[in-house]
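Per full-length UniProt numbering, the very first residue in the sequence shown carries number 1; after that it's consecutive.
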Amino acid sequence: MGGFYPVETLFSVRSAERKRTNRMTKKTRDLIIASSDWTIPAEDGVHRRTIVKGAAWTVPVVAMSVATPAAAASDSPTLAFTQAKYTGTGCATITSVQVKRTTDGTTADPGKVVTVTLSDGYTFADGTTSYSGTTNANGLITLPDIKVPAKGGDSSFGASSDTLSASAPVSSTSTSSLYRRNLTTGSVDGPDTVPGDSTVVGNYASLAPDGTLHEFDNATAVAKKVTSAVSQVGNNGNRYVTYIIGTTLYRKNLNTGTSDTTDTIPADSTVVGNTVSLAPDGTLHQLGEKTAIATGVTSALAEIGGNNGTYVTYIVGTSLYRKTLSTGAVSDPDTVPKDSIVVGNTVSLAPDGTLHQLGVTTAIATGVTSAVAQIGSNNETYVTYIVGTSLYRKNLSTGKVDTSDTVPANSTVVGNLTSLAPDGTLHQLGTTTAIATGVTSAVADINPANNDSYVTYVKPAC
């Protein structure tokens with residue numbers, strides 16, 4: 001037989017019937033070839049025994065393979081949330097959260113008390129942060145609805161039962177509400193849901209952290225990937241929003257939906273008002289114009305006047321200017337202290353708190369910490385400002401100063417007649433009741449069509 005050995009010599013135990021059969025008919029599977037793998041096929045085609053191959057002169061040894069489960073079941077109790085992670089939206093609820101306890105990883109463990117705790121502003125429907133329940137026949141407890149905080153955010157749900165513990169991550173987006181109030185009539189529009197941490201960029205408009213530019217009560221975004229924007233009202237009642245995407249400057253009439261032809265501007269430019277942007281190198285640009293308004297500009301604000309013309313007030317070095325964009329006329333400059341900033345039409349604020357009006361030698365006020373100047377329907381300019389804890393407003397055309405109000409320390413002026421306190425209280429000059437509380441961003445402006453004042457503001461949705 002050469003290098004072949006009858007299989008019968010290798011196995012001494014066989015049934016008599018099989019011996020007789022093998023004597024009558026030799027099958028290929030009963031031969032072992034020394035030069036091949038030492039394997040004996042079984043009748044069902046699955047190799048259950050393998051010959052361990054040694055030297056050519058040795059008798060092969062049988063190695064028995066035993067099938068074992070891929071993973072054995074745990075004999076220890078387990079506790080786990082039924083989902084790997086949870087998501088939510090600010091001020092909404094997360095429902096049907098369940099925790100399961102088992103005796104061995106599979107078998108339900110009923111009648112056991114499980115306690116779940118929440119943190120980082122997440123609460124159960126009743127406002128508590130802890131809940132205990134007893135597992136049902138399936139080893140489960142179902143939690144009450146979980147309320148997501150307005151700020152959203154990342155946190156984790158924690159569960160414990162006897163010596164067992166479990167946790168599951170939760171992540172939620174924040175939500176805010178956008179409002180607009182007519183300070184003349186007291187009527188309020190809103191709320192309109194906007195992403196959390198949105199900022200007001202003018203009348204009826206907000207900008208989300210992701211660059212989505214939103215118009216009040218409009219489900220379709222004005223634009224996306226916006227880096228800077230300002231919305232203002234014209235004397236015809238139309239609202240215009242000027243904004244930047246990348247290195248492109250746009251302006252859209254929100255009432256009609258029409259957009260002006262775009263301009264390319266330097267990267268990282270910012271919108272400073274209607275149709276006007278300021279580049280990092282100090283170039284002041286007007287939409288649709290190739291020639292710069294000015295260069296070397298350190299501060300600027302542009303605004304629509306009562307005749308629908310746009311005026312831009314700006315500083316170059318220590319000189320304060322104002323240009324009428326419709327006519328190109330530029331006022332004679334005034335000298336102002338170094339590092340002064342423009343706070344509105346014809347008005348600048350020096351680092352020492354001196355509030356200055358273009359063309360006037362006497363200061364409007366001193367010790368000023370915050371100010372905004374805006375144009376009224378008759379092209380008069382009103383400046384609202386704070387000295388200490390007193391809020392004032394002065395008509396620069398007539399010189400009249402309104403009776404002052406006391407406001408919280410460190411309040412800031414957000415527009416005509418209006419201030420915002422550090423605690424989020426939005427205040428209107430001459431009124432005792434707050435416009436709103438919990439406000440995170442606000443802009444007030446004058447409608448040059450009728451001289452009404454509007455304040456657009458954002459606050460948490462709950």
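Don't be surprised by glycine CBs; every beta carbon is placed ideally from N, CA and C. Note that this is a predicted model, so its numbers are computed, not measured.
Presumed contact (8 Å Cβ cut-off) between residue i and residue j, rounded CB distance
i      : j      : result
Pro209 : Pro195 : 7 Å
Thr389 : Thr406 : 5 Å
Tyr243 : Asn274 : The pair is not a contact, with the Cβ atoms about 11 Å apart (cut-off 8 Å).
Gly105 : Ser172 : The Cβ separation is near 31 Å, so there is no contact.
Val276 : Pro448 : Not really, about 17 Å apart at Cβ, beyond 8 Å.
Lys100 : Val170 : The pair is not a contact, with the Cβ atoms about 18 Å apart (cut-off 8 Å).
Thr295 : Gly282 : 6 Å
Ser404 : Leu391 : 6 Å
Lys323 : Ile293 : 6 Å
Ser96  : Thr142 : 7 Å
Residue from the options whose Cα sits closest to the Cα of residue i
i           : options                        : result
Tyr385      : Gly399, Asn378, Gly367, Gly376 : Gly367
Pro351      : Pro333, Tyr382, Thr318         : Thr318
Leu183      : Val439, Ala434, Ser441, Ala461 : Ala434
Thr256      : Val347, Gly273, Thr247, Gly237 : Gly237
Asn308      : Ile315, Ala92, Ser377          : Ser377
Ile265      : Gln286, Ser259, Pro333, Leu325 : Gln286
Ser326      : Leu320, Tyr311, Ile315, Asp339 : Tyr311
Gly246      : Ser76, Asp268, Thr261          : Asp268
Thr129      : Leu140, Ala137, Thr117, Asn138 : Thr117
Ser156      : Leu213, Thr242, Ala166         : Ala166
Thr185      : Ala223, Ser453, Pro460         : Ser453
residue 464 : Pro280, Ile94, Asn345, Thr295  : With the chain covering 1 to 462 only, the question about residue 464 has no answer from this structure.
Gly359      : Ala365, Thr369, Ala223, Thr346 : Thr346
Ser77       : Lys85, Ser277, Asp109          : First, the residue type needs correcting, since residue 77 is Pro and not Ser in the sequence shown. Of the candidates Lys85, Ser277, Asp109, the one whose C-alpha sits nearest the C-alpha of Pro77 is Asp109.
Thr456      : Ser299, Asp104, His427         : His427
Thr87       : Ser174, Val114, Ser161         : Ser174
Thr102      : Ala461, Ala449, Leu164         : Leu164
Pro408      : Leu396, Asp423, Val114, Val439 : Asp423
Ser442      : Ala279, Val414, Thr324         : In the sequence as displayed, the identity of residue 442 is Ala instead of Ser. Answer by Cα proximity: Val414.
Thr425      : Ser397, Leu278, Lys459, Tyr392 : Lys459
Asn138      : Ala279, Leu79, Ser177          : Leu79
Ser119      : Leu140, Ala168, Thr107, Pro280 : Ala168
Leu438      : Lys151, Val113, Ile315         : It is Gly, not Leu, that sits at residue 438 in the sequence shown. Considering only alpha carbons, the answer is Lys151.
Residue i in three-state terms, based on DSSP
i           : result
Asn182      : strand
residue 468 : Since the first residue shown for the chain is 1 and the last is 462, residue 468 is missing from the structure and cannot be characterised.
Arg20       : Bear in mind that a pLDDT of 43 at Arg20, under 50, signals an unreliable position, so the model cannot answer this.
Ser176      : strand
Ala166      : strand
Thr103      : coil
Phe216      : coil
Tyr204      : coil
Gly309      : coil
Val407      : coil
Thr327      : coil
Asp154      : strand
Pro144      : coil
Leu320      : strand
Val360      : coil
Pro351      : coil
Thr262      : coil
Thr129      : coil
Asp281      : coil
Asn238      : coil
Asn253      : strand
Ser160      : strand
Glu303      : strand
Gly438      : coil
Val455      : strand
Gln286      : strand
Asn395      : strand
Contact check, residue i vs residue j, beta carbons under 8 Å
i           : j      : result
Ser231      : Asn203 : yes
Asn216      : Asp197 : The sequence shown places Phe at residue 216, not Asn. Cβ atoms of Phe216 and Asp197: not closer than 8 Å.
Ala371      : Val336 : no
Leu301      : Val272 : yes
Lys394      : Val383 : yes
Leu320      : Asp339 : no
Gln357      : Glu303 : no
Asn410      : Ile446 : no
Thr134      : Gly111 : yes
Thr313      : Gly288 : no
Ala436      : Tyr179 : yes
Ser228      : Thr270 : yes
residue 467 : Leu213 : This structure cannot settle anything about residue 467, because the visible part of the chain is limited to 1 through 462.
Ser160      : Thr115 : yes
Distance cut-off 7 Å: residue i Cβ against heavy atoms of the ligand GDP
i      : result
Thr247 : What this structure holds is no ligand at all, so the ligand GDP is not there to describe.
Contact between the region 143–152 and the region 114–125: three or more CB pairs below 8 Å? Contact between the region 143–152 and the region 114–125 is present, because at least three Cβ pairs lie under 8 Å.
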